[in-house]
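> Attaching a single structure in C-alpha coordinates format; questions to follow.
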(Lines of atoms letter the chains of each structure in order from A and count residues from 1; the text may use other names and numbers.)
(Lines give C-alpha, C1' and ligand atoms only; values in the text may rest on other atoms or scores of the structure.)
Protein backbone atom coordinates (compact mmCIF):
# COMPACT_ATOMS: atom_id res chain seq x y z
CA UNK A 1 0.00 0.00 0.00
CA UNK A 2 2.72 2.49 0.96
CA UNK A 3 4.72 1.75 -2.17
CA UNK A 4 1.64 2.36 -4.30
CA UNK A 5 1.11 5.69 -2.54
CA UNK A 6 4.74 6.62 -3.24
CA UNK A 7 4.22 5.92 -6.94
CA UNK A 8 1.09 8.08 -6.92
CA UNK A 9 3.04 10.88 -5.24
CA UNK A 10 5.78 10.67 -7.90
CA UNK A 11 3.13 10.80 -10.64
CA UNK A 12 1.38 13.79 -9.08
CA UNK A 13 4.69 15.55 -8.55
CA UNK A 14 5.78 15.05 -12.14
CA UNK A 15 2.43 16.24 -13.45
CA UNK A 16 2.32 19.38 -11.31
CA UNK A 17 -0.77 18.27 -9.41
CA UNK A 18 -0.64 20.60 -6.43
CA UNK A 19 -1.70 20.54 -3.65
CA UNK A 20 -2.53 16.86 -4.33
CA UNK A 21 1.15 15.87 -4.48
CA UNK A 22 1.89 17.65 -1.20
CA UNK A 23 -1.04 15.96 0.53
CA UNK A 24 -0.13 12.54 -0.87
CA UNK A 25 3.46 12.84 0.32
CA UNK A 26 2.17 13.83 3.74
CA UNK A 27 -0.11 10.79 3.77
CA UNK A 28 2.85 8.60 2.81
CA UNK A 29 4.83 10.01 5.73
CA UNK A 30 2.04 9.42 8.24
CA UNK A 31 1.39 5.92 6.94
CA UNK A 32 5.13 5.11 7.10
CA UNK A 33 5.25 6.28 10.72
CA UNK A 34 2.17 4.19 11.48
CA UNK A 35 4.05 1.19 10.08
CA UNK A 36 6.97 2.01 12.40
CA UNK A 37 9.35 2.52 9.49
CA UNK A 38 10.93 5.41 11.37
CA UNK A 39 11.93 2.83 14.01
CA UNK A 40 12.99 -0.06 11.77
CA UNK A 41 15.34 2.23 9.82
CA UNK A 42 17.86 1.75 12.66
CA UNK A 43 17.48 -2.03 12.67
CA UNK A 44 19.21 -4.76 10.66
CA UNK A 45 18.59 -8.49 10.68
CA UNK A 46 21.53 -10.74 9.89
CA UNK A 47 19.17 -13.61 9.12
CA UNK A 48 19.07 -14.63 5.47
CA UNK A 49 15.29 -14.91 5.54
CA UNK A 50 14.47 -11.46 6.91
CA UNK A 51 16.97 -9.05 5.37
CA UNK A 52 14.98 -8.46 2.15
CA UNK A 53 11.83 -7.48 4.07
CA UNK A 54 13.79 -5.10 6.28
CA UNK A 55 15.64 -3.60 3.32
CA UNK A 56 12.33 -3.03 1.57
CA UNK A 57 11.13 -1.08 4.61
CA UNK A 58 14.37 0.95 4.65
CA UNK A 59 13.97 1.87 1.00
CA UNK A 60 10.35 2.86 1.46
CA UNK A 61 11.27 5.12 4.41
CA UNK A 62 14.07 6.78 2.44
CA UNK A 63 11.71 7.28 -0.51
CA UNK A 64 9.31 9.13 1.82
CA UNK A 65 12.13 11.30 3.21
CA UNK A 66 13.41 12.09 -0.29
CA UNK A 67 9.96 13.11 -1.55
CA UNK A 68 9.19 15.13 1.56
CA UNK A 69 12.48 17.06 1.50
CA UNK A 70 12.24 17.76 -2.20
CA UNK A 71 8.75 19.22 -1.66
CA UNK A 72 10.19 21.76 0.78
CA UNK A 73 12.88 23.22 -1.48
CA UNK A 74 10.52 25.97 -2.64
CA UNK A 75 9.32 26.70 0.90
CA UNK A 76 11.94 25.75 3.52
CA UNK A 77 9.90 27.09 6.45
CA UNK A 78 7.07 24.65 5.82
CA UNK A 79 6.83 22.12 8.64
CA UNK A 80 8.14 18.61 8.05
CA UNK A 81 6.07 15.59 9.09
CA UNK A 82 9.02 13.19 9.26
CA UNK A 83 12.06 13.46 11.53
CA UNK A 84 15.40 14.43 10.06
CA UNK A 85 17.73 11.51 9.29
CA UNK A 86 20.19 10.81 12.08
CA UNK A 87 23.66 9.27 12.06
CA UNK A 88 22.60 5.70 12.83
CA UNK A 89 19.98 5.46 10.05
CA UNK A 90 20.89 2.59 7.74
CA UNK A 91 21.40 3.51 4.09
CA UNK A 92 20.06 1.27 1.31
CA UNK A 93 22.29 -1.63 0.29
CA UNK A 94 24.04 -1.81 -3.09
CA UNK A 95 21.49 -1.64 -5.88
CA UNK A 96 23.00 -4.68 -7.61
CA UNK A 97 22.53 -6.78 -4.45
CA UNK A 98 18.95 -5.59 -4.06
CA UNK A 99 18.00 -6.15 -7.70
CA UNK A 100 19.61 -9.61 -7.73
CA UNK A 101 18.31 -10.65 -4.30
CA UNK A 102 21.87 -11.16 -3.09
CA UNK A 103 22.44 -11.05 0.65
CA UNK A 104 25.00 -8.30 1.39
CA UNK A 105 28.39 -9.40 2.64
CA UNK A 106 28.50 -6.79 5.40
CA UNK A 107 26.23 -4.50 7.38
CA UNK A 108 24.74 -1.67 5.33
CA UNK A 109 26.37 1.72 5.65
CA UNK A 110 24.80 4.35 7.87
CA UNK A 111 24.31 8.07 7.42
CA UNK A 112 27.52 8.68 9.39
CA UNK A 113 29.63 6.39 7.15
CA UNK A 114 32.48 8.09 5.26
CA UNK A 115 31.34 9.45 1.91
CA UNK A 116 34.34 7.89 0.15
CA UNK A 117 33.00 4.37 0.70
CA UNK A 118 31.57 2.60 -2.35
CA UNK A 119 27.80 2.80 -2.15
CA UNK A 120 24.80 2.16 -4.33
CA UNK A 121 23.17 5.02 -6.19
CA UNK A 122 20.09 4.97 -4.00
CA UNK A 123 22.35 5.17 -0.94
CA UNK A 124 24.03 8.22 -2.51
CA UNK A 125 20.62 9.78 -3.07
CA UNK A 126 19.74 9.09 0.57
CA UNK A 127 23.00 10.78 1.66
CA UNK A 128 22.15 13.77 -0.52
CA UNK A 129 18.65 13.92 1.01
CA UNK A 130 20.29 13.95 4.45
CA UNK A 131 22.34 17.03 3.52
CA UNK A 132 19.32 18.72 1.95
CA UNK A 133 17.43 18.05 5.18
CA UNK A 134 20.22 19.72 7.19
CA UNK A 135 20.19 22.75 4.90
CA UNK A 136 16.40 23.05 5.16
CA UNK A 137 16.73 23.03 8.94
CA UNK A 138 19.60 25.54 8.76
CA UNK A 139 17.79 28.16 6.66
CA UNK A 140 14.49 27.84 8.56
CA UNK A 141 15.93 28.13 12.08
CA UNK A 142 15.33 31.67 13.33
CA UNK A 143 16.50 31.23 16.91
CA UNK A 144 20.24 30.63 16.57
CA UNK A 145 22.93 33.31 16.41
CA UNK A 146 24.29 34.66 13.15
CA UNK A 147 27.83 33.64 14.07
CA UNK A 148 26.72 30.05 14.59
CA UNK A 149 24.83 30.18 11.29
CA UNK A 150 28.01 31.16 9.49
CA UNK A 151 30.01 28.39 11.14
CA UNK A 152 27.35 25.83 10.28
CA UNK A 153 27.15 27.22 6.76
CA UNK A 154 30.87 26.64 6.30
CA UNK A 155 30.59 23.08 7.62
CA UNK A 156 27.64 22.25 5.38
CA UNK A 157 29.28 23.91 2.39
CA UNK A 158 32.43 21.79 2.72
CA UNK A 159 30.47 18.56 3.26
CA UNK A 160 28.12 19.15 0.32
CA UNK A 161 30.97 20.09 -2.04
CA UNK A 162 32.92 17.01 -0.97
CA UNK A 163 30.02 14.63 -1.66
CA UNK A 164 29.18 16.47 -4.87
CA UNK A 165 32.73 16.08 -6.18
CA UNK A 166 32.57 12.40 -5.32
CA UNK A 167 29.27 11.81 -7.13
CA UNK A 168 30.47 13.71 -10.20
CA UNK A 169 33.65 11.59 -10.23
CA UNK A 170 31.58 8.41 -9.90
CA UNK A 171 29.39 9.58 -12.76
CA UNK A 172 32.43 10.16 -14.98
CA UNK A 173 33.75 6.69 -14.20
CA UNK A 174 30.41 5.03 -14.97
CA UNK A 175 29.33 7.18 -17.89
CA UNK A 176 26.52 9.72 -17.89
CA UNK A 177 23.13 8.03 -17.96
CA UNK A 178 19.92 9.39 -16.49
CA UNK A 179 17.81 7.89 -13.76
CA UNK A 180 14.44 6.38 -14.50
CA UNK A 181 11.20 8.10 -13.41
CA UNK A 182 10.97 5.87 -10.34
CA UNK A 183 14.44 6.81 -9.14
CA UNK A 184 13.12 7.53 -5.66
CA UNK A 185 12.40 3.82 -5.34
CA UNK A 186 16.03 2.99 -6.00
CA UNK A 187 15.37 1.22 -9.29
CA UNK A 188 17.35 2.74 -12.16
CA UNK A 189 16.56 1.12 -15.53
CA UNK A 190 17.17 -2.35 -14.05
CA UNK A 191 18.61 -5.41 -15.71
CA UNK A 192 20.35 -3.49 -18.50
CA UNK A 193 23.87 -4.58 -17.79
CA UNK A 194 25.35 -2.61 -20.66
CA UNK A 195 24.22 0.72 -19.22
CA UNK A 196 25.72 2.59 -16.33
CA UNK A 197 23.69 3.74 -13.36
CA UNK A 198 23.38 7.48 -12.89
CA UNK A 199 23.93 9.62 -9.81
CA UNK A 200 21.97 12.44 -11.41
CA UNK A 201 19.28 12.64 -8.74
CA UNK A 202 22.02 12.97 -6.14
CA UNK A 203 23.36 15.93 -8.15
CA UNK A 204 19.88 17.49 -8.05
CA UNK A 205 19.62 17.22 -4.28
CA UNK A 206 23.17 18.37 -3.59
CA UNK A 207 22.99 21.34 -5.94
CA UNK A 208 19.58 22.32 -4.59
CA UNK A 209 21.08 22.22 -1.10
CA UNK A 210 24.09 24.28 -2.22
CA UNK A 211 21.94 26.82 -4.07
CA UNK A 212 19.63 27.21 -1.09
CA UNK A 213 22.50 27.53 1.37
CA UNK A 214 24.41 30.17 -0.59
CA UNK A 215 21.29 32.11 -1.63
CA UNK A 216 20.18 32.27 2.00
CA UNK A 217 23.50 33.68 3.22
CA UNK A 218 24.16 36.03 0.32
CA UNK A 219 21.99 38.94 1.61
CA UNK A 220 22.98 38.53 5.28
CA UNK A 221 26.77 38.42 4.91
CA UNK A 222 28.22 41.60 6.35
CA UNK A 223 31.46 43.52 5.95
CA UNK A 224 34.21 42.31 6.13
CA UNK A 225 32.77 38.90 5.29
CA UNK A 226 30.50 40.23 2.51
CA UNK A 227 33.12 39.96 -0.24
CA UNK A 228 34.00 36.43 0.83
CA UNK A 229 30.34 35.47 0.94
CA UNK A 230 29.74 36.95 -2.52
CA UNK A 231 32.71 35.03 -3.93
CA UNK A 232 31.41 31.84 -2.33
CA UNK A 233 27.98 32.41 -3.85
CA UNK A 234 29.32 33.11 -7.35
CA UNK A 235 31.64 30.10 -7.17
CA UNK A 236 28.71 27.88 -6.27
CA UNK A 237 26.72 29.28 -9.21
CA UNK A 238 29.60 28.69 -11.62
CA UNK A 239 29.94 25.13 -10.40
CA UNK A 240 26.20 24.61 -10.87
CA UNK A 241 26.39 25.97 -14.40
CA UNK A 242 29.30 23.66 -15.25
CA UNK A 243 27.28 20.59 -14.31
CA UNK A 244 23.79 21.63 -15.32
CA UNK A 245 24.60 22.80 -18.86
CA UNK A 246 25.69 19.39 -20.22
CA UNK A 247 22.63 17.83 -18.57
CA UNK A 248 20.36 20.52 -20.02
CA UNK A 249 21.89 19.93 -23.46
CA UNK A 250 21.09 16.22 -23.23
CA UNK A 251 17.50 16.91 -22.22
CA UNK A 252 17.10 19.52 -24.94
CA UNK A 253 18.47 17.13 -27.57
CA UNK A 254 16.24 14.26 -26.33
CA UNK A 255 19.23 12.12 -25.36
CA UNK A 256 17.47 11.04 -22.16
CA UNK A 257 14.29 9.01 -22.46
CA UNK A 258 13.55 8.67 -18.76
CA UNK A 259 14.65 11.71 -16.73
CA UNK A 260 13.61 11.79 -13.10
CA UNK A 261 10.93 14.33 -12.12
CA UNK A 262 13.47 15.73 -9.66
CA UNK A 263 15.35 17.20 -12.62
CA UNK A 264 12.51 19.63 -13.29
CA UNK A 265 12.81 21.19 -9.84
CA UNK A 266 16.56 21.64 -10.17
CA UNK A 267 16.25 23.19 -13.63
CA UNK A 268 13.62 25.63 -12.41
CA UNK A 269 15.54 26.65 -9.28
CA UNK A 270 18.69 27.14 -11.34
CA UNK A 271 16.85 29.17 -13.97
CA UNK A 272 15.43 31.52 -11.31
CA UNK A 273 18.87 32.20 -9.80
CA UNK A 274 20.65 32.47 -13.16
CA UNK A 275 18.01 34.94 -14.37
CA UNK A 276 18.72 37.11 -11.35
CA UNK A 277 22.47 36.96 -12.00
CA UNK A 278 21.94 37.85 -15.64
CA UNK A 279 20.06 40.97 -14.56
CA UNK A 280 22.98 41.83 -12.24
CA UNK A 281 25.24 42.18 -15.29
CA UNK A 282 26.59 38.65 -15.41
CA UNK A 283 26.01 37.98 -19.14
CA UNK A 284 27.56 34.50 -18.91
CA UNK A 285 24.30 33.23 -17.42
CA UNK A 286 22.19 34.39 -20.37
CA UNK A 287 23.06 31.27 -22.35
CA UNK A 288 22.48 29.15 -19.23
CA UNK A 289 18.94 30.48 -18.87
CA UNK A 290 18.20 29.94 -22.56
CA UNK A 291 19.46 26.36 -22.45
CA UNK A 292 17.49 25.56 -19.29
CA UNK A 293 14.30 26.95 -20.83
CA UNK A 294 14.79 24.65 -23.82
CA UNK A 295 15.58 21.70 -21.54
CA UNK A 296 12.40 22.25 -19.52
CA UNK A 297 10.32 22.01 -22.69
CA UNK A 298 11.76 18.66 -23.74
CA UNK A 299 10.42 16.21 -21.08
CA UNK A 300 7.01 17.89 -20.71
CA UNK A 301 5.30 14.97 -22.47
CA UNK A 302 6.59 12.72 -19.68
CA UNK A 303 6.46 15.24 -16.81
CA UNK A 304 4.00 18.07 -17.62
CA UNK A 305 5.12 19.97 -14.52
CA UNK A 306 7.73 21.47 -16.86
CA UNK A 307 4.96 23.55 -18.47
CA UNK A 308 4.05 24.98 -15.07
CA UNK A 309 7.67 25.92 -14.42
CA UNK A 310 7.92 27.56 -17.85
CA UNK A 311 4.79 29.60 -17.09
CA UNK A 312 6.30 30.71 -13.77
CA UNK A 313 9.54 31.71 -15.47
CA UNK A 314 7.61 33.67 -18.09
CA UNK A 315 5.65 35.45 -15.37
CA UNK A 316 8.89 36.35 -13.58
CA UNK A 317 10.34 37.64 -16.84
CA UNK A 318 7.33 39.90 -17.49
CA UNK A 319 7.35 41.17 -13.89
CA UNK A 320 11.05 42.05 -14.12
CA UNK A 321 10.47 43.89 -17.41
CA UNK A 322 7.69 45.94 -15.82
CA UNK A 323 9.92 46.79 -12.86
CA UNK A 324 12.70 48.00 -15.16
CA UNK A 325 10.28 50.13 -17.18
CA UNK A 326 8.67 51.73 -14.13
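Numbering (full-length UniProt numbering), first residue to last: 1 to 326. We put the CB at the ideal spot given by N, CA and C, even for glycine.
Please say whether residue 230 and residue 218 have beta carbons closer to each other than 8 Å?
yes
> On a CA-only basis, which of 13, 295, 168 and 283 is nearest residue 70? Give me that one, please.
13
> According to DSSP, simplified to helix, strand and coil, what is residue 142?
coil
> In whole angstroms, what is the alpha-carbon distance linking residue 87 and residue 112?
5 Å
> If I'm right that residue 277 touches residue 293 with Cβ under 8 Å, what's the distance once you round it to whole angstroms?
So it is not a contact: roughly 15 Å between Cβ atoms.
> Below 8 Å between beta carbons: does that hold for residue 121 and residue 95?
yes
> Quick check: the Cα distance between residue 307 and residue 317, rounded to an integer number of angstroms?
Rounded to whole angstroms, residue 307 to residue 317 spans 15 Å at the Cα level.
> DSSP beta-bridge partners for residue 90?
110
> Could you spell out the range, first to last residue, of the alpha helix (DSSP H) harbouring residue 284?
Here the alpha helix (DSSP H) through residue 284 covers 284 to 297.
> Reducing DSSP to helix, strand and coil, say where residue 15 ends up.
coil
> Considering just the uninterrupted stretch of the alpha helix (DSSP H) at residue 31, what are its terminal residues?
20 to 34
> Determine the closest residue to residue 296 out of 280, 10 and 259, with distance taken between C-alpha atoms.
259
> Tell me whether the beta-carbon of residue 251 lies closer than 8 Å to the beta-carbon of residue 304.
no
> Between residue 167 and residue 202, which are expected to be in contact by the criterion C-beta below 8 Å, what is the C-beta distance as a whole number of angstroms?
Going by Cβ atoms, the distance from residue 167 to residue 202 rounds to 5 Å, so yes, they are a contact pair.
> In this structure, how does DSSP classify residue 105 when only helix, strand and coil are distinguished?
coil
> Helix, strand or coil for residue 99? Go by DSSP, reduced to three states.
helix
> Quick check on the DSSP output: the alpha helix (DSSP H) that includes residue 49 runs from which residue to which?
Where residue 49 is concerned, there is no enclosing alpha helix (DSSP H), given that its DSSP letter is neither H nor E.
> Is residue 61 closer than 8 Å to residue 54 when the C-beta atoms are compared?
no
> Spatial neighbours of residue 287 within its chain, please: CB distance less than 7 Å, with the 5 preceding and 5 following residues excluded, ordered by chain position.
none
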